[in-house]
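Single-structure report; data block below.
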Amino acid sequence: MSRMLWIFYVITLLNPLYAQTYYEWNIANDGDWNTAANWSPPGVPGAGDSVYFPGAGGKTFINNQVEVEWLNILNAEIVFTNSSAGLKITGKGIWNNGPIKTSSSSEPSVFEVASGATLRINRPTLRSIFIQNGARLVN
Numbered sequence: 001m002s003r004m005l006w007i008f009y010v011i012t013l014l015n016p017l018y019a020q021t022y023y024e025w026n027i028a029n030d031g032d033w034n035t036a037a038n039w040s041p042p043g044v045p046g047a048g049d050s051v052y053f054p055g056a057g058g059k060t061f062i063n064n065q066v067e068v069e070w071l072n073i074l075n076a077e078i079v080f081t082n083s084s085a086g087l088k089i090t091g092k093g094i095w096n097n098g099p100i101k102t103s104s105s106s107e108p109s110v111f112e113v114a115s116g117a118t119l120r121i122n123r124p125t126l127r128s129i130f131i132q133n134g135a136r137l138v139n
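Here the sequence shown is numbered in the working numbering, starting from 1 and rising by one per residue.
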């Protein structure tokens, strides 16, 4: 019986490490992606997580490489602050409106739709789209 209890505790403790979290941008002003208080629930989204921008906020600044499983942009402005910043979707994304751009004057940052992932574009403000590695773009 104690062995089964031990296995139950191990599974219970490890489960949150693999669980997907749904984060919603919750500030009305400009803010940094890596500030936990800018998200509801508080925390910083990462690989395997879902992210939703409801459209009420200002600019979201990304200054490093971030990866999410699911991305839904109702209306938001995402700004990469340097040439090493980027955003990668590994599952599904919906981009309704708002620019995704770089503030860096050097090489452009990367907004990547991973191989096997999809991004549906409804009516974004954009100048060009690059698709690589077998990614699918649905419009």
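C-beta atoms are modelled at their ideal positions from N, C-alpha and C, and glycine is treated no differently.
- Excluding residues up to 5 positions away in sequence, Ser50, Gly91 and Lys92 lie with their Cβ nearer than 6 Å to the Cβ of Trp70 in the same chain.
- By the criterion of at least three beta-carbon pairs nearer than 8 Å, the region 28-40 is in contact with the region 53-64.
- With respect to Ile100, Ile121 sits apart: the two C-beta atoms are not nearer than 8 Å.
- Under the DSSP assignment, Trp95 falls in the beta strand (DSSP E) whose first and last residues are Gly86 to Trp95.
- When the alpha-carbon of Gly48 is set against those of Asn26, Ser83 and Leu87, the nearest one is in Leu87.
- Rounded to whole angstroms, the separation of the alpha carbons of Ser83 and Tyr23 is 25 Å.
- Closest in C-alpha terms to Ala76, from the list Val66, Val68, Asn97 and Glu67, comes Asn97.
- The bridge partners DSSP lists for Trp25 are Trp39.
- Per DSSP, reduced to three states, the secondary structure at Trp70 is strand.
- Secondary structure of Gly31 (DSSP, three-state): strand.
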